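Peer 1: Residue 0 is where the sequence shown starts when you use numbering that gives the first Met the number 0, and the numbers rise one by one after that. Quick reminder that beta carbons are idealized off the backbone N, C-alpha and C, glycines included. Since the model is a prediction, treat every value here as computed from it, not as a measurement. Pasting in a structure now, in structure tokens, and then I'll have a few things to ask.
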Amino acid sequence: MAARAKILVVDDEPQIRRLLRTGLPPHGYDVVEAATAAEALKHVPREKPDALILDLGLPDKDGFAIIAKVRALGLTPILVLSARSDVDGKVRALELGADDYVTKPFDMAELLARLKAALRHGLQSAGEMPVFKSGPLRVDLVKRHVWMGETEIHLSPKEYNLLRLLVANAGKVLTHHQLLREVWGPAHLEDVQYLRVLMRQLRQKLETNASAELLITEPGVGYRLLMLA
């Protein structure tokens, strides 16, 4: 029997905790609950959760502080679940180290898919795979070769660097600033048009009519690479 992942749900709304307490276990997850930031910070070192589902609006401390403290301790995946839908809040959470962001009210199927992707990203971050696969995409991270199905795709150095960054964080939303900093350097944090052009070129090479969509735009925030079976 496969080991069950332990999920720390941090939310001050009893109905949300109840929904996740009943909705997650049938899919192979054990749930630990916290209603405050203080409870969450006690649970993290004691329970060693495999991932956090975190509300930003906690009664005793802002959820952003939890992201920063948890990220300082390690690579535990963090999925933000919040009623806040503003782009600035999403960007701040992601740049502090959250893996993904789901807005309330939410669809349980979408939450489960995002949680699964965050957990897979956490495992990948712990030891990067030499060959990455997602649907028809295959990337040899040692030899720097890229294939879609049986066809080798030739990328420019910048296109490859962008793809490699997305591969290293597959399933995680990367903000415009994070991508610009890593691909172009800190002097280009406001040059979002550079990123849009490069992403369009990458899509043209990877996303043919016969292939599934792999590169997802998070409007106003950034991009993610889907983790496909």
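#1: How many whole angstroms separate the CB atoms of L118 and D99, which I take to be in contact at a CB cut-off of 8 Å?
#2: Keeping to the same chain, check which residues put their C-beta closer than 8 Å to that of A174; ignore five residues upstream and five downstream.
#3: Who are the Cβ neighbours of V182 in its own chain at under 6 Å, not counting the five residues just before and after it?
#4: CA-CA distance, G96 and A71?
#5: In chain order, what residues of the same chain lie with their CB nearer than 8 Å to the CB of T87, ignoring the 5 residues before and after it?
#6: In the DSSP assignment, find the unbroken alpha helix (DSSP H) run with R137 in it and report its ends.
#7: Under 8 Å: do the stretch 50-59 and the stretch 11-20 share three or more Cβ pairs, one atom per stretch?
#8: Quick one: using the 10 Å Cβ neighbour count with 16 as the cut-off for buried, is G184 buried or exposed?
#9: For L201, which residues of its own chain have a beta-carbon under 8 Å away from its beta-carbon, when the five flanking residues on both sides are left out?
#10: Using C-beta distances below 7 Å, list every residue in its chain close to M0, excluding the 5 sequence neighbours before and after it, in chain order.
#11: Buried or exposed, going by whether 16 or more other CB atoms sit within 10 Å of the CB of S81?
#12: According to the neighbour-count rule (16 or more other Cβ atoms, all chains shown, within 10 Å of its Cβ), is D10 buried or exposed?
#13: On the premise that A36 lies in contact with A64, defined as a C-beta separation below 8 Å, what is that separation, rounded to the nearest angstrom?
#14: Taking only the alpha-carbon atoms, compute the straight-line gap between A67 and G134 and give it to the nearest angstrom.
#15: Between H254 and P156, what straight-line distance do the alpha-carbon atoms span, to the nearest angstrom?
#16: For a test of the three-state rule: what should DSSP assign to I19, helix, strand or coil?
#17: Is R113 helix, strand or coil when you go by DSSP?
#18: Would you grab the beta carbon distance between P24 and V30 for me? Rounded to a whole angstrom, and I think it's under 8 Å.
#19: If you draw a straight line from the alpha carbon of G212 to that of R137, how long is it in whole angstroms?
#20: Any beta carbon of chain C sitting closer than 8 Å to that of V130?
#21: By DSSP, does V220 sit in helix, in strand, or in coil?
#22: First and last residue of the alpha helix (DSSP H) that includes M198?
#23: Is the closest heavy atom of the ligand SAH to the C-beta of P135 under 7 Å?
Peer 2: Let me spell this out:
#1: Along the sequence shown, read from residue 1 onward, the residue named residue 118 stands at position 119. Along the sequence shown, read from residue 1 onward, the residue named residue 99 stands at position 100. With a Cβ gap of about 11 Å, L118 and D99 do not count as contacting.
#2: The residue given as residue 174 occupies position 175 in the sequence shown. Sequence inspection shows Thr at residue 174; the Ala mentioned does not correspond to that position. Closer than 8 Å at Cβ, skipping near neighbours: V90, L93, E94, V220 and G221.
#3: By 1-based counting over the sequence shown, the position of residue 182 is 183. If we look at V182 and ignore the five residues flanking it on each side, its Cβ neighbours are N160 and L161.
#4: Numbered from its first residue, the sequence shown carries residue 96 at position 97. Numbered from its first residue, the sequence shown carries residue 71 at position 72. If you take the alpha carbons of G96 and A71, they lie about 9 Å apart.
#5: Residue mapping note: residue 87 aligns to position 88 of the sequence shown, counting from 1. Note on identity: in this sequence residue 87 is Asp, with Thr being the wrong assignment. If we look at D87 and ignore the five residues flanking it on each side, it has no Cβ neighbours.
#6: Stepping through the sequence shown from its first residue, residue 137 is reached at position 138. Counting along the chain, R137 falls outside any alpha helix (DSSP H), though it belongs to the beta strand (DSSP E) covering L136 to D139.
#7: Flag = yes, the stretch 50-59 and the stretch 11-20 touch.
#8: Translated into positions along the sequence shown, residue 184 becomes position 185. G184 is exposed by the Cβ-count criterion.
#9: For this step, residue 201 is matched to residue 202 along the sequence shown. Cβ neighbours of L201 beyond the five flanking positions: L154, E158, L161, L162 and L214.
#10: Taking the first residue of the sequence shown as position 1, residue 0 is located at position 1. Confidence at M0 is low in this model, with a pLDDT of 36, below 50, so its placement is unreliable and no value can be given for it.
#11: Counting from one through the sequence shown, the residue named residue 81 turns up at place 82. Answer is buried; the Cβ neighbour count reaches 16.
#12: Start at 1 with the first residue of the sequence shown, and residue 10 comes out as number 11. Burial call: buried.
#13: Position 65 of the sequence shown, counted from the first residue, corresponds to residue 64. Position 37 of the sequence shown, counted from the first residue, corresponds to residue 36. 7 Å between Cβ atoms; contact.
#14: For the purposes of this step, residue 67 is taken as the residue at position 68 of the sequence shown. For the purposes of this step, residue 134 is taken as the residue at position 135 of the sequence shown. If you take the alpha carbons of A67 and G134, they lie about 33 Å apart.
#15: Outside the modelled stretch of the chain, which goes from 0 to 228, sits residue 254, for which no answer is possible.
#16: Taking the first residue of the sequence shown as position 1, residue 19 is located at position 20. Correcting the residue type first, residue 19 is Leu in the shown sequence and not Ile. Looking at L19 - three-state DSSP - the assignment turns out to be helix.
#17: For this step, residue 113 is matched to residue 114 along the sequence shown. Three-state DSSP puts R113 in a helix.
#18: Residue numbering aside, residue 24 sits at position 25 when the sequence shown is read from its first letter. Residue numbering aside, residue 30 sits at position 31 when the sequence shown is read from its first letter. Yes, P24 and V30 are in contact; Cβ-Cβ is about 7 Å, under 8 Å.
#19: Within the sequence shown, the letter at position 213 stands for residue 212. Within the sequence shown, the letter at position 138 stands for residue 137. Reading off the sequence shown, one finds Glu at residue 212, where the question assumed Gly. Looking at the two C-alpha atoms, the distance is approximately 14 Å.
#20: Going by chain labels, chain C is absent from the structure shown, which holds only one protein chain.
#21: For this step, residue 220 is matched to residue 221 along the sequence shown. Coil.
#22: Numbered from 1 along the sequence shown, position 199 holds the residue referred to as residue 198. Its alpha helix (DSSP H) spans residues V191 to L205.
#23: The ligand SAH is not part of this structure, which contains no ligands at all.
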